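Here is the structure we will look at.
Residue numbers (my numbering): 1474 to 1823.
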């Protein structure tokens, strides 16, 4: 396990990396009274805990989850009147970080930010020390974003339609990189293979950065990744932008068609991050944290930063702890089914 602790207010990162399933895009309306509501949070939170708040990130500093964590952590710190420390606890497909929070004091002082990896873990690993269904309380949903399919520059064809035709012709001969078991890049590749009727050859990497490096070198064919990671290479013309899972084309990637445009509407996939605390955390503490989160997500500056990363906050009516818990419960069996379809057998987390 590697752990890094940094105060979120003094660290900035520019890359976004991992994150979940089943497309839930729409017009992301912000909460008009978010700042007013959040103003009530510090007093309620201070009554429940006087500790420094630790925001636990299961992935390396500089990655997508870490970037989002620091953006919201800095703003939540101001609202709560507490120091928020971002701690990167890396390893075991996020299970080390998950376990860290599951076993923490139920007082709201230790918060987990995670994406599909939390939902995928029980289907992938046999040695979890926590029950994914019962170990956590949902605090709130943070952001929602599409995935984009990128390919090496030497893939034959003149554009996305030709590239998809090549993938269909190659079938399992086309290899897909992914950033780790149970990550969005992995599950999106599995989903595409299911839709097109073949099991893709999947090559594991430790994160999307080395996968992109091999794409640039022509050593691998394809990668589903988050927009922010892929955007510079697509814009520079060093990699092909083939398809995106959003309902409509993105402003930043106007030349990249949607999966629906390419005849694959069933490849409907989005990533989302949520905040979690240990089971048993008082409801008033969860509400205070949720109010601080909603206040952060109502700040125009933060919304603009998220937009630049190719992501946005959830709609206003989906920002409550209850809405988060419903989405978690809905997506858990969907993720399990997708992993089962891949043929991967559960093993010990390392």
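Ideal Cβ positions, reconstructed from N, Cα and C, are used throughout, including at glycine.
These numbers were taken from a predicted model, which means no experiment stands behind them.
Contact annotation: the segment 1678-1687 does not touch the segment 1592-1609, with fewer than three C-beta pairs closer than 8 angstroms. When beta bridges are read from the DSSP output, residue 1745 appears opposite 1617.
Relative to the Cα of residue 1747, the nearest Cα in the group 1781, 1755, 1712, 1787 belongs to 1787. The beta carbons of residue 1797 and residue 1613 sit about 5 angstroms from each other, so the pair counts as a contact at 8 angstroms.
Look at residue 1585 here: in three-state DSSP terms it is strand. The shortest CA-to-CA distance from residue 1624 to any of 1595, 1591, 1637 is the one to 1637. In the DSSP assignment, residue 1560 falls within the beta strand (DSSP E) that extends over 1557-1563. The beta carbons of residue 1586 and residue 1530 sit about 6 angstroms from each other, so the pair counts as a contact at 8 angstroms. Taking 3 residues as the shortest admissible run, the segment 1622-1672 contains the following complete beta strand (DSSP E) segments, listed from N- to C-terminal end: 1648-1651.
A distance below 7 angstroms between beta-carbons, with the five flanking residues on each side excluded, links residue 1644 to the following residues of its chain, in chain order: 1671. Taking the Cα positions, residue 1545 is about 34 angstroms away from residue 1734. Of 1726, 1703, 1574, the smallest CA-CA separation from residue 1752 is found for 1574. When the beta-carbon positions are compared, residue 1628 and residue 1713 come within less than 8 angstroms of each other.
Rounded to whole angstroms, residue 1566 and residue 1528 show a C-alpha spacing of 18 angstroms.
Residue 1714 is bridged by DSSP to 1623. Going by DSSP, residue 1553 is part of the alpha helix (DSSP H) stretching over 1537-1553. Going by beta carbons, residue 1784 and residue 1534 fall outside the 8 angstroms limit. Within the segment 1724-1800, the complete alpha helix (DSSP H) segments of 4 residues or longer fall at 1756-1770, 1773-1781, listed in chain order. If you look at residue 1699, you'll find it in the beta strand (DSSP E) that goes 1695-1699. Between the segment 1647-1658 and the segment 1719-1731 there are fewer than three C-beta pairs closer than 8 angstroms, too few to call the two in contact. Contact between the segment 1557-1572 and the segment 1594-1605 is established, with three or more Cβ pairs separated by less than 8 angstroms. A residue is called buried once 16 or more other Cβ atoms fall within 10 Å of its Cβ, and residue 1692, having fewer, is exposed. Annotated three-state conformation of residue 1815 is helix, per DSSP. Residues 1613, 1763 of the same chain have their beta carbon placed closer than 8 angstroms to that of residue 1793, with the five preceding and five following residues left out of the count. Here residue 1590 carries a helix assignment [DSSP, helix/strand/coil].
The C-alpha of residue 1642 lies about 17 angstroms from the C-alpha of residue 1663. Of the other Cβ atoms in all chains shown, fewer than 16 fall within 10 Å of the Cβ of residue 1708; this residue is therefore exposed.
Cβ neighbours of residue 1690 within its own chain (closer than 6 angstroms, five residues either side excluded): none. Assignment of beta-bridge partners to residue 1568 by DSSP yields no partner. Nearest in C-alpha terms to residue 1716, of all of 1634, 1578, 1687, is 1634. Counting along the chain, the unbroken alpha helix (DSSP H) around residue 1689 starts and ends at 1681-1689.
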